[in-house]
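Numbering (our numbering), first residue to last: 363 to 435.
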């Protein structure tokens with residue numbers, strides 16, 4: 363390997379912006395702990411793991427069963 367490299371003529375990857383988009387998302391502590399534990403087992407950063415899970419949900423058209431009925435008195 364060289365001691366130094368010249369990156370003065372380098373240019374940014376034009377496709378890099380399309381790969382991921384930074385957002386802010388609020389997750390409960392239990393969910394974060396769950397994904398962090400799995401990420402340590404498989405050796406993938408937990409944010410990437412969450413992204414893979416969400417991508418799988420979107421690809422398989424998985425939907426939550428949300429039932430917002432109030433408890434009966």
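Ideal Cβ placement from N, Cα and C applies to all residues, glycine included. Everything numeric in this text was worked out from a predicted model, so none of it was measured.
Annotation: the continuous alpha helix (DSSP H) that includes residue 396 extends over 391-404. The beta-carbon separation of residue 412 and residue 397, rounded to 5 Å, stays under the 8 Å limit for a contact. A straight-line Cα-Cα distance of about 14 Å links residue 404 and residue 395. Here residue 388 carries a coil assignment [DSSP, helix/strand/coil]. Distance from the CA atom of residue 402 to the CA atom of residue 391, rounded to whole angstroms, is 17 Å.
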